[in-house]
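Please read the structure below before turning to the comments.
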Amino acid sequence: MTLSTHVLDTERGRPAAGVRVELFNADGDLVGDGVTDGDGRIGELGEAGPGTYRIVFYPPSPFFRRVDLEVELAEGHHHVPLLISSYGCASYRGS
2 MTLSTHVLDT ERGRPAAGVR VELFNADGDL VGDGVTDGDG RIGELGEAGP
52 GTYRIVFYPP SPFFRRVDLE VELAEGHHHV PLLISSYGCA SYRGS
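Residue numbers for the sequence shown follow the numbering used here, beginning at 2 and rising by one.
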């Protein structure tokens with residue numbers, strides 16, 4: 002299982018560069034981390050077996066200090082984007 006992410010600043014209409022993202026397994030162990038590039042992307046946040054994971058984003062928002070997502074990942078590649086603005090956020094299963 003591999004995981005990538007993309008953070009978009011929907012308020013400003015551009016990628017969110019410099020966002021720290023961490024990936025934890027079900028035991029709470031850090032198994033991957035990174036910082037989004039100029040295009041708001043992390044091409045490979047982590048590589049591990051199928052299971053439950055927690056993705057933690059630290060977005061540049063005056064309201065959201067941290068966004069945690071708990072996801073169940075199977076074999077293969079997964080892409081989990083985050084859309085963020087000052088007072089709203091959303092995520093979805095990307096392709």
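Just so you know, even glycine gets a beta-carbon here, dropped at the ideal spot from N, CA and C.
Asked	Found
Inter-residue spacing [alpha-carbon to alpha-carbon] between R67 and A49	23 angstroms
With 16 other Cβ atoms within 10 Å as the buried cut-off, status of F64	exposed
Enclosing beta strand (DSSP E) for T6 [first to last residue]	3-10
Where the beta strand (DSSP E) containing E48 begins and where it ends	42-48
Three-state secondary structure assigned by DSSP to D38	coil
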